[in-house]
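Q:
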Amino acid sequence: MLNAYNILETIRMIQDEYLDIRTITMGISLLDCIDTDIDKACEKVYNKIVSRAGNLVAVGQQIETEYGIPIVNKRISVTPVAMLCAACPDGDPVKFAKALQRAADTCGVNFIGGYSALVHKGFSAGDMALIRSIPEALDVTQNLCSSVNIGSTKSGINMDAVKIMGQIVKQSAERTADRDCIGPAKLVVFCNAVEDNPFMAGAFHGVGEPDCEIHVGVSGPGVVRAALTKYPDATIDEIADVIKKTAFKITRMGQLVGARASELLGVPFGIVDLSLAPTPAVGDSVAHILEEMGLEMCGTHGTTACLAMLNDAVKKGGVMASSTVGGLSGAFIPVSEDAGMIDAATAGVLSLEKLEAMTAVCSVGLDMIVVPGDITPETISAIIADEAAIGMVNSKTTAVRLIPAIGKKEGETLEFGGLLGSGPVMPIREKSPAKFIDRGGRIPAPMQSLKN
Amino acid sequence: MRAVVTVIGKDTVGILHKVSGICAEYNVNVIEVTQSVLQDMFAMIMLVDITAINADFAKLVERMDSLGKELGLSIHTMHEDIFNSMHTV
């Protein structure tokens, strides 16, 4: 039964603690749009997306009004475009990028993801052409997101792809240097990418998914932090319990919104991604949750342990609330999108090495990290390889989204604005990993037993 | 189908009258009201039946919202499902 306390708690969460649905993302398969004529394929892509997602934004707004809960983004994810490129080897993949942008504009969505290739074991037809076209595609579009999967626990790490991706990230930053290097902010390099992720920039619609479905990504670092402030002297296991209960409530809301969206749009409900996704707004920070647990500043010793507990408790609370949990599900630590992380990085307390350690115990990876503009492609590749190794060995998703700040050095700041926030340029190691990266080949898949 | 209307803010004459007036206008039946005034702060939670509503639910939300702005109160009108799903296992 409804009681006044619960009602007021929900309203307080939404109004004062930034509880929101971060995204409803429609996954659309483009496999039936494949054509040997790239122009025909592009037309089919546009028509299919618009026919499925034409009223996604209107439905999102209707649900916002019904439940009084903000839905910050409406997004679309599609089949990795490299698969469409495979059928038309002579066509320019950027045509697909433009068609996707056009569809996103018509539907009025915030982002469209899936300019992607899956090359964790090797390159098939279309993959290389797509990867080479990423810098241009991200330059000539505004809302398109791209991702490349370069490794997995079952197949190891494709070091040839790692080498190329270092160059692609750098080129993408150079091409968009006049727009705060926004290009690589829309590009994720994955190990163990998931097929049903609703979050950008890494969303794509996997081939194992149905023709069309709807995913929901919840958010709510502010709510978790506010819940913790009520228990200043609790032990860590008591705090874990508070986080579980809070995650349960947040996820239930996601489940409700997803089920309603699925009903109104007439497409199956995919998953709820129960991630804690921060925004640059003060009070909506994952770093501040860790600080609330008792760290003077995020990034100091103890951060990895606190994050491990947080990530695990969020999952435990969330899976109880929804039987269709999927996606990335966990705490995100994008530096530029989190007020507490920005402060900690600016103060020099949060280093790239600490972030790397943190990614071993939380969702995703090195996310929205601004590095000096003169970074070499080989160093970017080496950072990708390090991060992919953590994902590969620990059987989890890891990702790298680095932004080389062209023309900027350590100590300066890159401003993106909006949900992407701003990031201080973080220091990197000077010594070269070029020889290692130039070797190419593949890191073999790791042992799944004898784990020590 | 039921919805919850919450009103929080500084107490003035006629808040309940105005809110329930809008309900009547939209053919929305008031089922339950709890109200308290602490010092000069007014807090009311109203459970209403929207089964026979004579317009879009969104219109009611909008109307309550503008009444809130007019009176300097925070008025939320939300479908009851959100509270049920968040607070019950």
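These protein sequences, in sequence, are chains A and B. Reading the first sequence from the start, the letters are residues 812 to 1263 in this note's numbering. Reading the second sequence from the start, the letters are residues 726 to 814 in this note's numbering. Built from N, CA and C at the ideal position, the CB exists for glycine as well.
For A:Lys909, collect the residues of the same chain with a Cβ closer than 8 Å to its Cβ; drop the 5 residues on either side in sequence, then sort them by chain order.
A: For the purposes of this step, residue 909 of chain A is identified with residue 98 of the first sequence, where counting begins at 1. The residues are Cys853, Val951, Thr952.
Q: In its own chain, which residues sit with a C-beta less than 7 Å from the C-beta of A:Ser927, not counting the 5 before and 5 after it?
A: On the first sequence, residue 927 of chain A is found 116 positions in, with the first residue counted as 1. Within the same chain, A:Ser927 has close Cβ partners Pro891, Val892, Ala893, Ser957, Ser958, Val959, Phe1015.
Q: Taking A:Thr1187 as the reference, which of A:Ile1248, A:Asp1154, A:Ala1012, A:Met824 has the closest Cα?
A: Here residue 1187 of chain A is taken as the residue at index 376 of the first sequence, counted from 1. Of A:Ile1248, A:Asp1154, A:Ala1012, A:Met824, the residue nearest in Cα terms is A:Ile1248.
Q: Inspect the beta-carbon positions of B:Ala768 and B:Ile733 and report whether they are closer than 8 Å.
A: The residue you call residue 768 of chain B lines up with position 43 of the second sequence. The residue you call residue 733 of chain B lines up with position 8 of the second sequence. Their beta carbons are under 8 Å apart, which means B:Ala768 touches B:Ile733 by this criterion.
Q: Return no unless some Cβ of chain B is closer than 8 Å to the Cβ of A:Tyr829.
A: For the purposes of this step, residue 829 of chain A is taken as residue 18 along the first sequence, with counting starting at 1. No - not a single Cβ of chain B is within 8 Å of the one on A:Tyr829.
Q: Hey, would you say A:Gly1159 sits closer than 8 Å to A:Ser1096, going by beta carbons?
A: For this step, residue 1159 of chain A is matched to residue 348 along the first sequence. For this step, residue 1096 of chain A is matched to residue 285 along the first sequence. Result no, Cβ atoms of A:Gly1159 and A:Ser1096 do not sit closer than 8 Å.
Q: Report yes or no: do three or more beta-carbon pairs, one from the segment 1187-1204 of chain A and one from the segment 973-982 of chain A, lie closer than 8 Å?
A: The segment 1187-1204 of chain A is in contact with the segment 973-982 of chain A.
Q: Just to confirm, are A:Asp806 and A:Glu1226 a CB contact at a threshold of 8 Å?
A: Residue 806 of chain A is absent from the model: chain A starts at 812 and stops at 1263.
Q: Whole angstroms is fine: what's the gap from B:Lys735's alpha carbon to A:Glu820's?
A: Within the second sequence, residue 735 of chain B is the residue found at index 10, counting from 1. Within the first sequence, residue 820 of chain A is the residue found at index 9, counting from 1. Those two C-alpha atoms are separated by around 19 Å.
Q: What is the rounded straight-line gap between the Cα of B:Val762 and the Cα of A:Val883?
A: Here residue 762 of chain B refers to the residue found at position 37 of the second sequence. Here residue 883 of chain A refers to the residue found at position 72 of the first sequence. Going from the Cα of B:Val762 to the Cα of A:Val883 covers about 34 Å.
Q: Are there 16 or more other CB atoms within 10 angstroms of the CB of A:Pro946, so buried, or fewer, so exposed?
A: Walking along the first sequence from the start, residue 946 of chain A turns up at place 135. A:Pro946 comes out buried.
Q: Look up A:Glu926 in the DSSP assignment and give the residues it is bridged to.
A: Working through the first sequence from its first residue, we reach residue 926 of chain A at position 115. Position check: residue 926 of chain A holds Tyr in this sequence, whereas Glu was assumed. BP columns for A:Tyr926 point to A:Ser957.
Q: When DSSP labels each residue in this structure, what does A:Phe1001 get in the three-state scheme?
A: Here residue 1001 of chain A is taken as the residue at index 190 of the first sequence, counted from 1. If DSSP states are grouped into helix, strand and coil, A:Phe1001 belongs with the strands.
Q: Nearest to A:Arg1036 by alpha carbon, out of A:Leu1213, A:Glu1102, A:Gly838?
A: As a working note, residue 1036 of chain A is residue 225 in the first sequence. Minimum Cα distance to A:Arg1036 is reached at A:Glu1102.
Q: Between the Cα of A:Val1034 and the Cα atoms of A:Ala815, A:Ala1116, A:Gly1252, A:Arg823, which residue gives the shortest distance?
A: Counted from its first residue, the first sequence places residue 1034 of chain A at position 223. The option with the nearest alpha carbon to A:Val1034 is A:Arg823.
Q: Within a Cβ cutoff of 6 Å, which residues of the same chain sit near A:Pro995, ignoring the five residues on either side of it in sequence?
A: Taking the first sequence and counting its residues from 1, the one referred to as residue 995 of chain A is at position 184. Closer than 6 Å at Cβ, skipping near neighbours: Val980, Ser983, Ala984, Ile1214.
Q: Establish whether the CB of B:His742 and some CB of chain A are separated by less than 8 Å.
A: Taking the second sequence and counting its residues from 1, the one referred to as residue 742 of chain B is at position 17. It does not: the Cβ of B:His742 has no partner Cβ on chain A nearer than 8 Å.
Q: Taking Cβ-Cβ distances shorter than 9 Å, what residues in chain A pair up with B:Val786?
A: For the purposes of this step, residue 786 of chain B is identified with residue 61 of the second sequence, where counting begins at 1. Residues of chain A passing the Cβ test: Thr876, Glu877, Gly879.
Q: Over what stretch of residues does the beta strand (DSSP E) that includes A:Leu1177 continue unbroken?
A: Indexing the first sequence from 1 puts residue 1177 of chain A at position 366. Start and end: 1177-1183.
Q: A:Ile939: which of A:Ser966, A:Asp901, A:Val920 sits nearest, CA to CA?
A: Within the first sequence, numbered from 1, the residue matching residue 939 of chain A stands at position 128. The sequence shown places Met at residue 939 of chain A, not Ile. Checked all of A:Ser966, A:Asp901, A:Val920; the closest Cα to A:Met939 is A:Asp901.
Q: Check whether the segment 835-848 of chain A touches the segment 1020-1034 of chain A, counting contact only when three or more Cβ pairs, one atom from each stretch, lie closer than 8 Å.
A: They touch, by the three-pair rule.
Q: Under three-state DSSP, which class holds A:Leu830?
A: Sequence index remark: in the first sequence, residue 830 of chain A carries index 19 (1-based). Of the three classes helix, strand and coil, the one that applies to A:Leu830 here is coil, per DSSP.
Q: Within the segment 1163-1233 of chain A, note down every full beta strand (DSSP E) run reaching 3 residues or more, in order along the chain.
A: Runs of the beta strand (DSSP E) inside the segment 1163-1233 of chain A: 1177-1183, 1209-1216, 1224-1226.
Q: Following the continuous alpha helix (DSSP H) through A:Val951, name the residue where it begins and the one where it ends.
A: For the purposes of this step, residue 951 of chain A is taken as residue 140 along the first sequence, with counting starting at 1. Per DSSP, A:Val951 belongs to the alpha helix (DSSP H) from 938-951.
Q: Going by C-alpha distance, which of A:Ala914, A:Ala972, A:Leu949 is nearest A:Ile1254?
A: For this step, residue 1254 of chain A is matched to residue 443 along the first sequence. Nearest option by C-alpha distance: A:Ala972.
Q: Along the alpha helix (DSSP H) that carries B:Ser791, what are the first and last residues, could you check?
A: Position 66 of the second sequence, counted from the first residue, corresponds to residue 791 of chain B. That run of the alpha helix (DSSP H) goes 782-796.
Q: Would A:Tyr878 be called buried (16 or more neighbouring beta carbons within 10 Å of its own) or exposed?
A: Counted from its first residue, the first sequence places residue 878 of chain A at position 67. It counts as buried.
Q: How long is the line joining the alpha carbons of A:Glu1167 and A:Arg986, rounded to whole angstroms?
A: For the purposes of this step, residue 1167 of chain A is taken as the residue at position 356 of the first sequence. For the purposes of this step, residue 986 of chain A is taken as the residue at position 175 of the first sequence. Each residue's alpha carbon lies about 27 Å from the other.
Q: Can you round the beta-carbon distance between B:Val773 and B:Val755 to whole angstroms, since I take them to be within the 8 Å contact cut?
A: Stepping through the second sequence from its first residue, residue 773 of chain B is reached at position 48. Stepping through the second sequence from its first residue, residue 755 of chain B is reached at position 30. Right, their Cβ atoms sit about 5 Å apart.
Q: At least one CB of chain A closer than 8 Å to the CB of B:Leu792: is that the case?
A: Locating residue 792 of chain B in the second sequence gives position 67, where the first residue counts as 1. By this cut-off, B:Leu792 is not an interface position.
Q: Determine the burial state of A:Ser1134: buried for a count of at least 16 other Cβ atoms within 10 Å of its Cβ, exposed for fewer.
A: In the first sequence, the residue the question calls residue 1134 of chain A occupies position 323. That one is exposed.
Q: Tell me, to the nearest whole angstrom, how far the beta carbon of A:Met1179 is from that of A:Leu1231; I am working on the premise that it is less than 8 Å.
A: Counted from its first residue, the first sequence places residue 1179 of chain A at position 368. Counted from its first residue, the first sequence places residue 1231 of chain A at position 420. That pair is a contact at about 7 Å.
Q: DSSP on A:Pro1032, reduced to helix/strand/coil?
A: One-based indexing of the first sequence puts residue 1032 of chain A at position 221. Helix, per DSSP.
Q: B:Leu796 versus chain A: which residues are under 9 Å apart at the beta carbon?
A: As a first step, residue 796 of chain B is located in the second sequence; it is residue number 71 there, counting from the start. Simply none; closest approach about 17 Å.
Q: Using a Cβ cut-off of 8 Å, pull out every chain A residue sitting near B:Ala783, in sequence order please.
A: For this step, residue 783 of chain B is matched to residue 58 along the second sequence. Result: Gln873, Thr876, Glu877.
Q: Is the beta carbon of A:Ile860 closer than 8 Å to that of A:Ile777?
A: Because chain A spans 812 through 1263 in this model, residue 777 of chain A falls outside it and cannot be assessed.
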